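Engineer:
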Amino acid sequence: RYAAVRTYLDSLAKPVGSLGSLEDCAARIAALQRSATPKVDSSVCLIFAADHGVAKDKSDGGMNCSSYPQAVSRKVLEGLEHGIAGASVLAKCNDVALRVVDVGLADGPTEYDWSKNVVHSSDNKVKGGTKNFCQGSAMTEEEVEQCLQSGRKETSKFIDEMRGNIVLFGEVGIGNTTTSSALIAALTEVDVESLCGTGASTTRDGINDEVIAKKISIIKEAMQYHGASSLK
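The sequence shown begins at 32 in this note's numbering and counts up one residue at a time.
1. Between the Cα of Gly204 and the Cα atoms of Ala118, Ala137 and Arg65, which residue gives the shortest distance?
2. My output table needs one value for Arg285: the three-state DSSP class, helix, strand or coil.
3. Exposed or buried, which one is Asp72 when buried takes at least 16 other CB atoms within 10 Å?
4. Please state the DSSP three-state secondary structure of Asp154.
5. In whole angstroms, what is the alpha-carbon distance linking Glu112 and Val150?
6. Please classify Phe200 as buried or exposed, where buried requires at least 16 neighbouring CB atoms within 10 angstroms.
7. Between the segment 83-93 and the segment 205-218, do three or more beta carbon pairs fall short of 8 Å?
8. Who are the near neighbours of Arg130 in its chain, counting only those whose CB is closer than 6 Å to its CB and skipping five residues on each side?
9. Where does Val149 fall in DSSP's three states?
10. With a threshold of 16 other CB atoms inside 10 Å of the CB of Asn163, please say whether the residue is buried or exposed.
11. Going residue by residue through the segment 35-119, where are the continuous beta strand (DSSP E) segments of at least 3 residues, counting only ones entirely within it?
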């Protein structure tokens with residue numbers, strides 16, 4: 032379907048490929064919607080939030096993989112709940128329906144009940160977030176399956192409720208780039224050094240080499256602990 036749409040775009044009265052990446056985007060949406068005239072007039076944004084054991088403070092059994100404390104994840108969700116976070120403003124300005132699903136935030140100092148107006152708690156929430164993958168398995172196989180099912184369920188439910196024809200996905204969770212880099216390295220055998228950046232620690236002053244070195248060290252420790260074969 033994608034190739035057929037690109038062929039159609041090339042047949043229009045314009046230089047081939049003259050619209051650049053817009054053509055690729057249009058062809059992908061058309062293929063996904065199985066229509067030569069795709070629509071994006073009912074957009075929805077679904078953000079999943081959870082915490083990583085590797086991002087916990089060392090005193091709590093973590094690795095301090097981020098420059099920010101893990102409690103920031105919950106603060107971001109509180110901002111989304113009250114409509115003052117960046118995603119909230121962007122969604123409102125562009126008439127995009129926004130929903131946030133808590134699938135595993137770390138336990139806070141007090142129990143926080145989400146209003147379900149914006150932030151919802153998953154029925155299959157990973158209690159307290161994942162474990163430190165430098166010291167064991169981050170999740171059980173059952174927890175992984177539950178999270179996958181939650182993703183499918185929440186996506187279908189939100190699209191049906193809002194009659195959305197295009198969905199944008201987002202994520203919240205201190206340490207996300209550390210865990211994603213670890214997964215990519217383990218699954219693709221790409222060098223860890225080429226995958227790691229500063230993540231949320233990037234500033235106007237540029238890249239912080241110490242932050243990157245720390246992240247690389249943590250991921251290599253995790254991969255050594257588990258062994259390459261067990262991560263595939």
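We treat Cβ as the ideally placed atom computed from N, Cα and C, and that holds for glycine. From a predicted model like this one, the values you see are computed outputs, not experimental measurements.
Structural biologist: Working from what's here:
1. In the sequence shown, residue 204 corresponds to position 173, counting from 1. Nearest C-alpha to Gly204: Ala137.
2. This structure cannot speak to residue 285, because the chain is shown only from 32 to 263.
3. For the purposes of this step, residue 72 is taken as the residue at position 41 of the sequence shown. Answer is exposed; the Cβ neighbour count stays below 16.
4. Numbered from its first residue, the sequence shown carries residue 154 at position 123. Under the three-state reduction of DSSP output, Asp154 falls in the coil class, being neither helix nor strand.
5. As a position in the sequence shown, residue 112 is number 81, starting the count at 1. As a position in the sequence shown, residue 150 is number 119, starting the count at 1. One alpha carbon belongs to Glu112, the other to Val150, and they sit about 6 Å apart.
6. As a position in the sequence shown, residue 200 is number 169, starting the count at 1. Exposed: under 16 other Cβ atoms inside 10 Å.
7. With the cut-off at 8 Å, the segment 83-93 and the segment 205-218 touch.
8. Start at 1 with the first residue of the sequence shown, and residue 130 comes out as number 99. Hits under 6 Å: Leu77 and Phe189.
9. As a working note, residue 149 is residue 118 in the sequence shown. In the structure shown, Val149 adopts coil according to DSSP, grouped into three states.
10. As a first step, residue 163 is located in the sequence shown; it is residue number 132 there, counting from the start. The Cβ neighbour count for Asn163, taken over all protein chains shown within 10 Å, is at least 16; the residue is labelled buried.
11. List check, beta strand (DSSP E) in window: 74-81.
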